[in-house]
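> Below is a structure I'd like to ask you about.
Numbering (full-length UniProt numbering), first residue to last: 1 to 392.
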């Protein structure tokens, strides 16, 4: 009789636990915002961002959600336009009442919305936008690389890995391009060697014909070209360069980390090197699981944009779990205390006082039509944001 009563008590306890758990999971979801360029010139990046973060949301909810509640992704299309991004940021705050926001867009819209989220004390993690102004607020963080870090990593790659002696820069004339070029030149100035910068050119965002710029590269007899730009710029540039008989090694950055670059450039993409966020050959389970699932679900190759968004979302979720609350200040503090996080884009050692991520820079090369591992830049003077951005 006692055994039966004991069994009934256990069953009742389990039933109560299940009821409470189901009630909690059926509670109002935790809303996390996302702004991404779903339409416009950067639509391919926006698609990658949405696809990747949706994978992350599915994983989190399949594992029981956060604090016993489902996570709801609230996302809007900012078309990489600051004028569109600002009212959408206000909508996420006032209408959707999000706990935190993933910045899945470019530097200009991210710069525009970061102060808005900071004023409202809403944690904001820029997934890959590089401009230094983005992280000026206490509630703003960057999971991607600061421009000074990525630019210097590119220069290190040009000199130390590609063994360039006569180096040229061709970069887009916007926040993204200018910031990267500044970092590249800073490394060259700080680390004098027999390598020299023989040419530095900028082109407008709308440029499609790069032959005039490439003719100057050919004339300067450059052996390494830092071709900084987005996939829709770098792809055509690579193709035109090879058509002109230019044999120099071409080096890009995260803006060209897209299957679209290879699709546009075709065979001219072979040997193209980039400094970026994602190592496709990283053996860690978190990386290989993501790559496999992304390819299976979306029938295309993943890129650093999506991987960076996935990480930004997961870091935010991890912070909510550690805070044990959706209190914005507690979540913000938990993000700031992140240490040795096993991220998709590398081991995130932490965020500095300015909200800048500290992690190695990945170097990939196009081999047989796919981005593969070439090297990793782990030099503290380059990957530590304060050191990289410091005045000379």
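Positions of the beta carbon are idealized from the N, C-alpha and C atoms, including for glycine. Every value quoted in this text rests on a predicted model; they were computed, and no experiment measured them.
1) Alpha carbon to alpha carbon, how far is residue 225 from residue 204? Give it in angstroms, no decimals.
2) Which runs of the beta strand (DSSP E) at least 3 residues long sit entirely within the segment 140 to 164? Give them in chain order.
3) Determine the direct distance from the alpha carbon of residue 270 to that of residue 393, and round the result to whole angstroms.
4) Locate the beta strand (DSSP E) running through residue 35, then write down its first and last residues.
5) Alpha carbon to alpha carbon, how far is residue 266 from residue 385?
6) For residue 172 and residue 81, what's the separation of their Cα atoms in angstroms?
7) Which residue wins for smallest C-alpha separation from residue 301, given the options 119, 350, 243 and 262?
8) Could you name each continuous beta strand (DSSP E) segment of 3 residues or more that falls completely within the segment 208 to 264, going from the start of the chain to the end?
9) Quick one: grab the DSSP three-state call for residue 22.
10) Distance check for residue 135 and residue 283, CA to CA, integer angstroms please.
11) Could you check whether the segment 251 to 262 touches the segment 299 to 319, counting it as contact only if at least three pairs of C-beta atoms, one from each stretch, sit closer than 8 Å?
12) Can you find the residues in the same chain that come closer than 6 Å, C-beta to C-beta, to residue 371, ignoring five residues on each side of it along the sequence?
13) Go through the segment 106 to 143 residue by residue and report every complete run of the beta strand (DSSP E) that reaches 3 residues or more, in order.
14) Sort 132, 290 and 255 by Cα distance to residue 274 and report the nearest one.
15) Please state the DSSP three-state secondary structure of residue 284.
16) Got a sec, what are the start and stop residues for the beta strand (DSSP E) residue 205 sits in?
17) Between 198, 242 and 102, which has its C-alpha nearest residue 219's C-alpha?
18) Excluding sequence positions up to five away, which residues of its chain have a Cβ less than 6 Å from the Cβ of residue 48?
19) For residue 133 and residue 148, what's the separation of their Cα atoms in angstroms?
20) Give a yes or no on contact between the segment 168 to 187 and the segment 150 to 158, applying the rule of three or more CB pairs nearer than 8 Å.
21) Are the CB atoms of residue 326 and residue 30 within a distance shorter than 8 Å?
22) For residue 137, which residues of its own chain have a beta-carbon under 7 Å away from its beta-carbon, when the five flanking residues on both sides are left out?
23) Below 8 Å on the Cβ atoms is my guess for residue 238 versus residue 362; work out the distance and round it to an integer in Å.
24) Is it right to say residue 152 is buried, meaning 16 or more other beta carbons lie within 10 angstroms of its own, or is it exposed?
To lay it out plainly:
1) 18 Å
2) 140 to 142
3) The first residue shown for the chain is 1 and the last is 392, placing residue 393 beyond what the model contains.
4) 30 to 36
5) One C-alpha to the other measures close to 35 Å.
6) 17 Å
7) 262
8) 224 to 228 and 249 to 252
9) Summary for residue 22: the model assigns pLDDT 42, below 50, so the residue's position carries little reliability; its value from the coordinates is reported in the next sentence. In this structure, residue 22 counts as helix in the three-state DSSP scheme.
10) The alpha-carbon separation between residue 283 and residue 135 amounts to approximately 31 Å.
11) As far as the Cβ criterion goes, the segment 251 to 262 touches the segment 299 to 319, which means the pair count is three or higher.
12) 280 and 364
13) 124 to 126 and 140 to 142
14) Of 132, 290 and 255, the residue nearest in Cα terms is 255.
15) coil
16) Looking at the DSSP string, residue 205 is not in any beta strand (DSSP E), and its letter there is neither H nor E.
17) 198
18) 303, 305 and 306
19) 12 Å
20) yes
21) Taking 8 Å as the Cβ cut-off, residue 30 and residue 326 qualify as a contacting pair.
22) 114, 115 and 118
23) A Cβ-Cβ separation of about 20 Å leaves residue 238 out of contact with residue 362 under the 8 Å criterion.
24) buried
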